[in-house]
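Read the structure below first, then the notes.
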Amino acid sequence: MIAGHFGLAAAVKAARPAIPLWMLMLATAWLDVVFIPLYLIGVEKIDGAGGYGEGVIHADYTHSLVGAVVLAALFGAVAAWRLDRQAGFVLGGVVFSHWLLDLVVHRADLPVLPGNAGDLPVFGFGLWRSPGVSAVVEVLLLVVGIGLYWREAAKHDPKRACTLGLTSALFGAVTITADLLGI
Ligand SMILES: [Zn+2]
């Protein structure tokens, strides 16, 4: 899931226009951003990747419940320091929303504790088992998010809103393509 996360970021941008869009986009993808270096050094893995929603993801640190809370708190703290307290809470919440959305689509591969310590039950409702349905959910998130963002921007500057809306729609199309290719 890439498109769905960005759809949510766009919706939050509509509600909190003062927060820079790039920060919201970074926040929504933060768990996956931290996943990349851990993947490269072999600490976190994906099994059976190659198509949309086909991977079983062993992101036992970044995508553990406690890991996600810690990463959200860190991101929120930096945002509160750079922007303000409220923006810190919003951005921390956006980071954690990644885990909640992943919980819906992932097969049971999200642990509670980092490194799946204690071998507790792992979570994931597995919507990816129905790729058609989960793709529709992601596209809906994206369309609604961009739509809200577009509408909010149009209140202030309709021309700029058009450029912003089309740019984010194009970006959304790229994220959906990346999703469908199983990136
Ligand atoms: Zn993720």
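For the sequence shown, the numbering used here begins at -4 and goes up steadily by one.
For every residue, glycine included, the Cβ atom is placed at its ideal position computed from N, Cα and C.
Quick caveat: nothing in here was measured; it's all calculated off a predicted structure.
Query raised in the report: What residues come near ligand 1, if near means a beta carbon less than 7 angstroms from any of its heavy atoms?
Result: M(-4), L26, D27, F30, A54, H58, H93 and D97
Requested in this report: Say whether the segment 116 to 132 touches the segment 157 to 164, bearing in mind that this needs 3 or more beta-carbon pairs closer than 8 angstroms, one atom from each stretch.
Outcome: no
Report task. Quickly, what does DSSP pair K154 with across the bridge? List them, please. Result -> For K154, no pairing in a beta bridge is given by DSSP.
Query raised in the report: Alpha carbon to alpha carbon, what distance is there between V99 and V264?
Result: Here the chain covers residues -4 to 178 and nothing more, so residue 264 does not appear.
**Report entry** Per-residue DSSP class, three states only, for I31
**Finding:** Secondary structure at I31: helix, using DSSP grouped into helix, strand and coil.
Requested in this report: To the nearest angstrom, report how far apart D42 and M(-4) are at their CA atoms.
Outcome: 16 angstroms
Report task. Counting only the same chain and skipping the five closest in sequence on each side, list residues whose C-beta sits under 7 angstroms from that of F120. Result -> L98 and V99
Query raised in the report: Of all the options V139, L66, Y34 and V169, which has the alpha carbon lying nearest to the alpha carbon of F91?
Result: With distances taken between Cα atoms, F91 lies closest to L66.
Query raised in the report: Could you give the C-beta distance for E133 and G(-1), rounded to a whole number, given that I count them as a contact under 8 angstroms?
Result: The beta-carbon separation of E133 and G(-1), rounded to 4 angstroms, stays under the 8 angstroms limit for a contact.
Query raised in the report: Quick one: Cα of A197 to Cα of P15, how far?
Result: A question about residue 197 goes unanswered here, because the residues of the chain that appear run from -4 up to 178.
Query raised in the report: Hey, would you say L137 sits closer than 8 angstroms to G2, going by beta carbons?
Result: Contact: yes.
**Report entry** Integer Cβ distance of H101 from L26, believed to fall under 8 angstroms
**Finding:** So it is not a contact: roughly 12 angstroms between Cβ atoms.
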